[in-house]
Amino acid sequence: FLPGDTARHHRAVILDLLQEALTESGLTSQDIDCIAYTKGPGMGAPLVSVAVVARTVAQLWNKPLVGVNHCIGHIEMGRLITGATSPTVLYVSGGNTQTWGFMDILITLR
């Protein structure tokens, strides 16, 4: 993926994706506690395009804005989808490829 192409794709689909997520979930902006977005590490252009949308939505909806580590975001999505509580993770994402034991992350973050 090229950063510019990825950023253009994000900009082209983000508003429709947001509307679809709200419609499918039956939620409204009043049900949302905060706006979270991937802050980095990663490709600059896509991260910036998403940050702009996140900041705009947070301001429009008067919600706190929370920047999330890109790698941790992927890991937490995987934990949510699989129900894993203490996984060993191989995170493969270009220059950010890493292998982590989940307990190591918890200890490091404390």
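In our numbering, the protein residues as written are 3 to 112.
All residues carry an ideal CB built from backbone N, CA and C; glycine is no exception.
Just so we're clear, the structure is a prediction, and the values are computed from it rather than from any experiment.
Strand pairing of residue i, partner residues [DSSP]
{"i": "Gly28", "result": "Partner(s): none; Gly28 has no beta bridge."}
{"i": "Ala38", "result": "Val68"}
Start-to-end residues for the alpha helix (DSSP H) that takes in residue i
{"i": "Leu49", "result": "Gly46 to Trp63"}
7 Å Cβ shell around residue i - same chain, five flanking residues per side excluded
{"i": "His12", "result": "Pro48, Ser51 and Val52"}
{"i": "Ala56", "result": "Ile37, Tyr39 and Leu67"}
{"i": "Asp18", "result": "none"}
Rounded Cβ spacing between residue i and residue j (contact assumed at less than 8 Å)
{"i": "Gly69", "j": "Tyr39", "result": "6 Å"}
Cut-off 8 Å between Cβ atoms - residues of its own chain near residue i, not counting five sequence neighbours on either side
{"i": "Thr8", "result": "Met45, Ala47 and Pro48"}
{"i": "Ile34", "result": "Trp63 and Lys65"}
{"i": "Arg112", "result": "Interpretation of Arg112 is limited by its pLDDT of 48, a score under 50 that renders its predicted location unreliable; the figure taken from the coordinates is listed afterwards. So the list is empty, once near-sequence residues are dropped."}
{"i": "Thr30", "result": "Leu24"}
{"i": "Gln32", "result": "none"}
Close beta carbons around residue i, own chain, < 6 Å, minus the five adjacent residues each side
{"i": "Ile16", "result": "Val55"}
Report task. Report yes or no: do three or more beta-carbon pairs, one from the stretch 79-86 and one from the stretch 32-45, lie closer than 8 Å? Result -> The answer is no - the stretch 32-45 does not touch the stretch 79-86, with fewer than three Cβ pairs under 8 Å.
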